[in-house]
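K.L.:
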Amino acid sequence: MQSNIFAGRVAADPETNGQENSVTRLTLMTNEYAGEGKDERTVSIPFTAFGKRGEVIANNVRKGDQLIVTYRIENNRWQKDGVDQYGYNFIIQDFEFGAAGAATREALAG
Numbered sequence: 001m002q003s004n005i006f007a008g009r010v011a012a013d014p015e016t017n018g019q020e021n022s023v024t025r026l027t028l029m030t031n032e033y034a035g036e037g038k039d040e041r042t043v044s045i046p047f048t049a050f051g052k053r054g055e056v057i058a059n060n061v062r063k064g065d066q067l068i069v070t071y072r073i074e075n076n077r078w079q080k081d082g083v084d085q086y087g088y089n090f091i092i093q094d095f096e097f098g099a100a101g102a103a104t105r106e107a108l109a110g
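Numbering (full-length UniProt numbering), first residue to last: 1 to 110.
1. Specify, as a first and last residue, the run of the alpha helix (DSSP H) that E106 falls within.
2. Is T24 buried or exposed, if buried means 16 or more other CB atoms sit within 10 Å of its CB?
3. Output yes if chain C places a C-beta closer than 8 Å to the C-beta of G35; else output no.
4. Around the Cβ of D65, are there at least 16 other Cβ atoms within 10 angstroms (buried) or fewer (exposed)?
5. On the CB-based measure, 16 or more other CB atoms within 10 Å of its CB, does residue 111 come out buried or exposed?
6. Less than 8 Å between the beta carbons of T48 and I91, yes or no?
7. Please report the distance separating the alpha-carbon of R41 from that of E32.
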């Protein structure tokens with residue numbers, strides 16, 4: 001099985017469904033070199049975490065916090081209006097907390 005690593009800042013507070021088999025969704029963003037003489041480009045990837053892993057992320061991560069994730073890519077196929085649609089899911093397998101964002105630093109300070 002393949003494994004990938006991505007480090008980025010959380011675009012918005014993670015959302016979780018809060019059920020027993022919880023599903024947590026979040027988007028991580030980072031800037032990437034776009035070439036000589038060009039502005040950086042922003043890369044954003046939507047991730048999904050399941051169960052306790054997702055609950056820990058949802059309870060401890062806020063918009064702007066850095067998160068380093070190890071993830072796998074899962075192929076996804078569904079039908080919409082009788083037409084096959086294809087996409088990918090980015091599933092978090094493991095994570096590490098990175099630098100705190102402004103909202104977290106403010107909450108810890110006061």
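For every residue, glycine included, the Cβ atom is placed at its ideal position computed from N, Cα and C. Keep in mind that this is a model prediction, so the values were computed, not measured.
P.N.:
Well, looking at it:
1. A102 to A109
2. buried
3. The structure shown contains no chain C, having only a single protein chain.
4. A buried status is given to D65, since no fewer than 16 other beta-carbon atoms sit within 10 Å of its beta-carbon.
5. Coverage of the chain is limited to positions 1 through 110, which leaves residue 111 absent and any answer about it impossible.
6. yes
7. 5 Å
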